[in-house]
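Q: Here the sequence shown is numbered in the numbering used here, starting from 20 and rising by one per residue. The beta-carbon is built from N, C-alpha and C at its ideal position, and this holds for glycine as well. It should be emphasised that the depicted structure is a prediction, and the values quoted were computed from it without experimental measurement. One structure, as structure tokens, below. Some questions next.
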Amino acid sequence: MVKQTIQIFARVKPTARKQQQGIYSIDEDEKLIPSLEIILPRDLADGFVNNKRESYKFKFQRIFDQDANQETIFENIAKPVAESVLAGYNGTIFAYGQTGSGKTFTITGGAERYSDRGIIPRTLSYIFEQLQKDTSKIYTTHISYLEIYNECGYDLLDPRHEASSLEDLPKVTILEDPDQNIHLKNLSLHQATTEEEALNLLFLGDTNRMIAETPMNQASTRSHCIFTIHLSSKEPGSATVRHAKLHLVDLAGSERVAKTGVGGQLLTEAKYINLSLHYLEQVIIALSEKHRSHIPYRNSMMTSVLRDSLGGNCMTTMIATLSLEKRNIDESISTCRFAQRVALIKNEAVLNEEIDPRLMIIRLQKEIQELKDELAIVTGEQRPEALTEAELLQLEKLITSFLEDQDPESRLEVGADMRKIHHCFHHLKKLLNDKKTQGKSTVSSEIKDQDGQEPLKEEEYKKLRDILQQRDNEINILVNMLKKEKKKAQDALHLSSVDRNEFRHSQSSPGNPEGPRTSSSASTQVQDASTFGYRSTLLQRKTGMREEMSLGRQEAFEIFKRDHADSVTIADNKQILKQRFSEAKALGENINEARSKIGRLKEEITQRHLQQVALGISENMAEPLVPDLLEEKLRSQLEEEKRRYKTMFIRLKALKVEIEHLQLLMDKAKVKLQKEFEAWWAEEATNLQVNSPAVKSLSHMKPFPQTPGSQHQRSPLLSNKSDMNAGKILPSSCPILHSQEQNRTSASLDDSLPARPTSSIPLTGDSQTDSDILAFIKARQSILQKKCFQ
Ligand code: ADP
Ligand code: MG
């Protein structure tokens with residue numbers, strides 16, 4: 020058992036503006052325990068809290084400042100947890116902080132760069148790498164992905180459901196067994212045998228989550244997401260199985276509503292916007308207080324699911340994410356205070372070992388029988404009657420299966436009944452004798468047959484030989500045809516899918532560079548086909564709507580896409596992907612070259628060796644007196660080549676993971692784009708219906724796609740706090756909506772343009788810029804008009 024308090028870490032998100040410095044500092048005390056000091060600016064110190072403190076100090080295990088990268092976070096926070104999970108303990112890492120403070124960035128990763136991948140993909144990579152290394156155990160890995168929104172659980176990985184809203188996803192409910200163990204009904208577990216498969220599941224869940232989100236539910240900030248890796252391990256032949264779970268949790272935004280007291284003064288007590296975080300806090304408080312017998316886990320789904328992670332059998336780690344800007348000071352202090360409480364909770368992690376019940380039953384049945392037999396011998400129990408017909412038949416059956424059983428360890432279990440034992444011996448003897456006589460007779464009849472047979476005629480032999488030759492030729496032709504077909508298919512694939520397969524086919528296992536090429540590449544193909552298939556169906560499913568688009572709509576989509584901010588990211592990633600592909604291709608070629616060189620060197624060494632042996636024989640020497648210098652040189656060349664091969668192979672493998680990740684990022688970005696287009700399109704379609712005739716109504720079209728977030732009124736509670744991402748997904752080429760409030764003055768812009776009802780066109784006030792804007796809008800409208808009604 021390992022006793023450990025929950026580990027707390029802090030991560031400070033990089034601030035956009037430099038003048039935010041001076042708000043906090045990170046120091047270490049004499050025991051090298053780091054602490055974060057948050058300094059209240061003068062203007063805030065008066066109103067924020069009544070006691071007018073000017074700075075607050077919080078201790079953490081470690082504090083990661085703005086410049087800490089994702090690799091550092093993984094190495095210091097997640098790797099130790101992953102290691103204990105591999106050893107058989109449960110682990111949990113949860114990120115806690117206000118919206119926009121970097122929880123998702125830390126847990127899952129950024130949406131753009133490969134280097135920004137977060138704890139989940141890195142942990143998957145690490146775990147699978149370790150599993151591959153450890154051949155002493157049999158491991159099985161399963162993945163589940165749960166989202167909790169408004170006290171309802173949703174399975175993000177159910178493949179049977181097309182999610183277009185959160186309610187479409189299967190609802191997960193909690194069941195509790197008599198031992199108070201929690202079971203999640205309807206949460207699907209998916210086996211992942213490789214890192215790639217697990218990564219696909221992560222992206223599938225994230226994409227489902229994104230599609231299901233509506234501006235109304237704001238799921239990404241108000242829900243909790245729990246990505247769980249279930250790992251079980253067993254030593255070959257053993258009945259004991261170890262189970263460990265690793266929960267990686269992205270909690271809902273922890274922002275609170277500050278209660279305003281009489282006279283508008285802020286009171287210190289603040290309430291969570293998210294009710295389940297309120298219950299989480301209650302659980303934490305209860306756990307951190309000594310002698311509390313009742314812990315209110317059952318109050319919310321999230322605390323029930325994470326019961327073991329909080330004050331139970333688990334090694335738990337919390338990451339407090341902080342966005343230390345002036346306007347976030349109060350939230351940051353709340354986050355740190357929460358972390359200090361969490362740090363008081365002690366967990367007791369135990370190894371979760373379990374006996375496989377099937378193996379156990381077999382073992383017990385055997386034991387019972389043995390005991391019964393022993394008892395019969397000891398008590399000298401007599402069985403006077405003869406064995407019944409049925410018993411005899413049963414014994415003979417046992418003997419037959421005993422003889423057929425290939426296992427040398429198998430036993431003929433008849434118990435301690437001497438009558439049965441005797442019968443078995445008799446029967447075996449009979450069988451043996453029968454076989455002997457039968458053997459003799461068959462042998463003699465075979466001899467007779469052969470003797471009696473006339474020798475085959477010369478012509479018949481020739482005929483048979485010719486047929487054999489023909490069949491051989493046929494087979495060769497067919498094999499050649501097959502090869503050509505395969506090559507054609509590969510070339511076609513190569514052309515259409517940007518080299519991706521070509522680079523994969525060039526791989527085989529690193530430990531076996533000279534191994535038979537065909538078998539290794541065949542197995543790679545099978546695996547690729549499955550993962551590729553998986554990914555493409557995901558994308559097809561998500562972008563399925565696109566195929567049904569009319570031509571006009573498709574073109575509108577093209578324009579939408581071009582003007583969308585994310586298209587820059589997609590294009591950038593495409594560029595990187597291209598580079599990676601060509602690097603991988605070159606590497607693949609080099610690997611192939613190295614492989615054939617290794618083959619040649621081996622051949623040369625064998626030849627040389629044979630020559631030397633032949634020389635030795637001719638000179639009558641058992642061993643050559645001096646070592647053969649040429650052979651040694653060849654051997655060192657071979658070793659060198661093998662090393663080169665291995666280095667290149669490792670690089671290629673890393674590239675493969677990177678390529679896969681980038682492709683998934685791009686797929687996700689594409690689905691997001693599609694979703695935003697659909698929303699925009701639907702809105703325009705409604706506008707058209709309201710304002711027929713069609714052509715007139717076009718002037719009411721919003722000139723640019725709007726983000727879902729901008730279409731509904733943001734909660735006043737969240738404004739100033741959750742608007743960090745606002746405008747992020749607006750089209751970059753749009754000069755109007757860039758970093759500007761959208762609901763500014765509405766104005767009639769031009770005689771030819773009717774006044775806009777929702778005023779999506781803010782003006783700058785600068786007449787030159789405004790006329791540019793007008794020209795721009797006009798141009799866009801005419802394009803849209805053309806495109807939409809073609
Ligand atoms: P949360 O999940 O807490 O609401 P996000 O993880 O979505 O916050 O972060 C908000 C924004 O800040 C995102 O655009 C994200 O990419 C960016 N971000 C967060 N943390 C970092 C970081 N450490 N480095 C760079 N960008 C970050
Ligand atoms: Mg988030």
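Please return the same chain residues whose Cβ sits closer than 6 angstroms to the Cβ of Gly272, not counting the five positions on each side in sequence.
A: Walking along the sequence shown from the start, residue 272 turns up at place 253. Correct list, in chain order: Gln117, Thr118 and Thr240.
Q: From Leu150, Lys78 and Lys22, pick the residue whose C-alpha is nearest to that of Glu49; which is it?
A: The residue you call residue 49 lines up with position 30 of the sequence shown. Comparing Cα positions, the closest option is Lys78.
Q: If you check the beta carbons only, do Ile27 and Gln80 fall under 7 angstroms apart?
A: Reading the sequence shown from its first residue, position 8 is the one you call residue 27. Reading the sequence shown from its first residue, position 61 is the one you call residue 80. Yes, these two residues count as a Cβ contact at 7 angstroms.
Q: Report yes if the C-beta distance between Leu298 and Thr322 is below 7 angstroms; otherwise report no.
A: Locating residue 298 in the sequence shown gives position 279, where the first residue counts as 1. Locating residue 322 in the sequence shown gives position 303, where the first residue counts as 1. The question names Leu, yet the displayed sequence has Tyr at residue 298. Yes, these two residues count as a Cβ contact at 7 angstroms.
Q: Glu393 by DSSP, collapsed to three states: which one?
A: Here residue 393 refers to the residue found at position 374 when the sequence shown is read from its first residue. Looking at Glu393 - three-state DSSP - the assignment turns out to be helix.
Q: Express the C-alpha separation of Cys333 and Asp327 in angstroms, rounding to a whole number.
A: Numbered from its first residue, the sequence shown carries residue 327 at position 308. Numbered from its first residue, the sequence shown carries residue 333 at position 314. Each residue's Cα considered, the two are about 6 angstroms apart.
Q: List the residues that DSSP assigns as beta-bridge partners of Ser586.
A: The residue labelled residue 586 in the question sits at position 567 within the sequence shown. Ser586 pairs with nothing; no bridge assigned.
Q: Give me the Cα-Cα distance between Leu681 and Ile380, rounded to the nearest whole angstrom.
A: The residue given as residue 681 occupies position 662 in the sequence shown. The residue given as residue 380 occupies position 361 in the sequence shown. So the two alpha carbons sit approximately 49 angstroms from each other.
Q: Identify whether Ser525 lies in helix, strand or coil by the three-state DSSP scheme.
A: For the purposes of this step, residue 525 is taken as the residue at position 506 of the sequence shown. Note that Ser525 scores a pLDDT of 44, beneath 50, so its modelled location is shaky; the value from the coordinates is reported in the next line. DSSP places Ser525 in coil when its eight states are reduced to three.
Q: Classify Gly256 as buried or exposed, calling it buried when 16 or more other Cβ atoms lie within 10 Å of its own Cβ.
A: Position 237 of the sequence shown holds residue 256. Per the 10 Å Cβ criterion, exposed.
Q: Are Gly121 and Thr340 touching if we call contact CB-CB under 7 angstroms?
A: The sequence position of residue 121 within the sequence shown is 102, counting from 1. The sequence position of residue 340 within the sequence shown is 321, counting from 1. Yes, these two residues count as a Cβ contact at 7 angstroms.
Q: Under the three-state reduction of DSSP, which class applies to Asp769: helix, strand or coil?
A: In the sequence shown, counting from the first residue as 1, residue 769 sits at position 750. With a pLDDT of only 36 at Asp769, under 50, the local geometry of the prediction cannot be trusted, and no value is derived from it.
Q: Along the alpha helix (DSSP H) that carries Phe83, what are the first and last residues, could you check?
A: Position 64 of the sequence shown, counting from 1, holds the residue named residue 83. Unbroken run through Phe83 is the beta strand (DSSP E), Arg81 to Phe83; no alpha helix (DSSP H).
Q: Go ahead and pull the three-state DSSP assignment for Tyr108.
A: Position 89 of the sequence shown, counted from the first residue, corresponds to residue 108. Coil at Tyr108, not helix or strand.
Q: Going by the DSSP bridge assignment, what does Gly128 pair with across the sheet?
A: As a working mapping, residue 128 is identified with position 109 in the sequence shown. Gly128 is bridged to Arg136.
Q: Which class does Glu232 belong to by DSSP, given the choice of helix, strand or coil?
A: As a first step, residue 232 must be located in the sequence shown, where it is residue number 213. Coil.
Q: Going by Cα to Cα distance, which pick from Ile292, Leu684 and Thr91 is closest to Asp585?
A: Within the sequence shown, the letter at position 566 stands for residue 585. Answer by Cα proximity: Leu684.
Q: Using 10 angstroms around the beta-carbon of Ala613, count the other beta-carbons present and answer buried if the total reaches 16, otherwise exposed.
A: Here residue 613 refers to the residue found at position 594 when the sequence shown is read from its first residue. So Ala613 counts as buried.
Q: Quick one: what's Met337 bridged to in DSSP?
A: Numbered from 1 along the sequence shown, position 318 holds the residue referred to as residue 337. Looking at the DSSP assignment, Met337 forms a beta bridge with Ile27 and Phe113.
Q: Please determine, among Asn169, Ile162 and Ile157, the residue with the shortest C-alpha to C-alpha distance to Ile8.
A: The requested residue 8 does not occur in the structure, where the chain is confined to residues 20 to 809.
Q: The ligand ADP and Phe28: does any heavy atom of the ligand fall closer than 6 angstroms to the residue's C-beta?
A: Stepping through the sequence shown from its first residue, residue 28 is reached at position 9. No, the ligand ADP has no heavy atom inside 6 angstroms of this Cβ.
Q: Based on Cα-Cα distance, which residue from Asp174, Val276, Ile303 and Val302 lies nearest to Lys290?
A: As a first step, residue 290 must be located in the sequence shown, where it is residue number 271. Answer by Cα proximity: Val276.
Q: Where Ala368 and Tyr115 are concerned, what is the direct C-alpha to C-alpha distance, given to the nearest angstrom?
A: The residue given as residue 368 occupies position 349 in the sequence shown. The residue given as residue 115 occupies position 96 in the sequence shown. Cα to Cα, the separation comes out at about 22 angstroms.
Q: What are the partner residues of Glu47, as DSSP defines its beta bridges?
A: Within the sequence shown, residue 47 is the residue found at index 28, counting from 1. Answer by DSSP bridge pairing, in chain order: Pro53.
Q: Express the C-alpha separation of Leu422 and Val433 in angstroms, rounding to a whole number.
A: One-based indexing of the sequence shown puts residue 433 at position 414. One-based indexing of the sequence shown puts residue 422 at position 403. Taking the straight line joining both Cα atoms gives about 14 angstroms.
Q: Helix or strand or just coil, what does DSSP make of Leu267?
A: On the sequence shown, residue 267 is found 248 positions in, with the first residue counted as 1. Three-state result, Leu267: strand.
Q: In angstroms with no decimal places, state the Cα-to-Cα distance between Ala548 and Leu218.
A: What you label residue 548 is simply residue 529 of the sequence shown in a count that begins at 1. What you label residue 218 is simply residue 199 of the sequence shown in a count that begins at 1. With a pLDDT of only 33 at Ala548, under 50, the local geometry of the prediction cannot be trusted, and the value read off the model is given with reservation. Cα to Cα, Ala548 sits roughly 16 angstroms from Leu218.
Q: Check whether the Cβ atoms of Val191 and Leu208 sit closer than 7 angstroms, and answer yes or no.
A: Here residue 191 refers to the residue found at position 172 of the sequence shown. Here residue 208 refers to the residue found at position 189 of the sequence shown. Cβ atoms of Val191 and Leu208: not closer than 7 angstroms.
Q: Unbroken alpha helix (DSSP H) runs of length 4 or more, entirely within the region 422-462: which are they?
A: Correct list: empty.
Q: Run through DSSP, which three-state label would Asn227 get?
A: The residue you call residue 227 lines up with position 208 of the sequence shown. DSSP places Asn227 in helix when its eight states are reduced to three.
Q: Answer with buried or exposed for Pro532, where buried requires no fewer than 16 other C-beta atoms within 10 angstroms of its C-beta.
A: Counting from one through the sequence shown, the residue named residue 532 turns up at place 513. Note that Pro532 has pLDDT 45, beneath the 50 cutoff, so the model's placement of it is unreliable and the number below is only indicative. When all chains shown are included, Pro532 counts as buried.
Q: Of all the options Ala263, Phe246, Val632 and Leu487, which has the alpha carbon lying nearest to the alpha carbon of Ser103?
A: For this step, residue 103 is matched to residue 84 along the sequence shown. Of the candidates Ala263, Phe246, Val632 and Leu487, the one whose C-alpha sits nearest the C-alpha of Ser103 is Ala263.
Q: Which residues bound the beta strand (DSSP E) around Phe246?
A: Here residue 246 is taken as the residue at index 227 of the sequence shown, counted from 1. Its beta strand (DSSP E) spans residues His243 to Lys253.
Q: Closest to Leu406 by C-alpha separation, out of His442, Ile418 and Gly41, would be which residue?
A: Here residue 406 refers to the residue found at position 387 of the sequence shown. For Leu406, the nearest C-alpha among the options comes from His442.
Q: Closest Cβ-Cβ distance between Met20 and chain B: below 7 angstroms?
A: Here there is only one protein chain, and chain B is not present.
Q: What separation, rounded to the nearest whole angstrom, lies between the Cα atoms of Lys691 and Phe124?
A: Position 672 of the sequence shown, counted from the start, is the residue given in the question as residue 691. Position 105 of the sequence shown, counted from the start, is the residue given in the question as residue 124. So the alpha carbons of these two residues sit roughly 17 angstroms apart.
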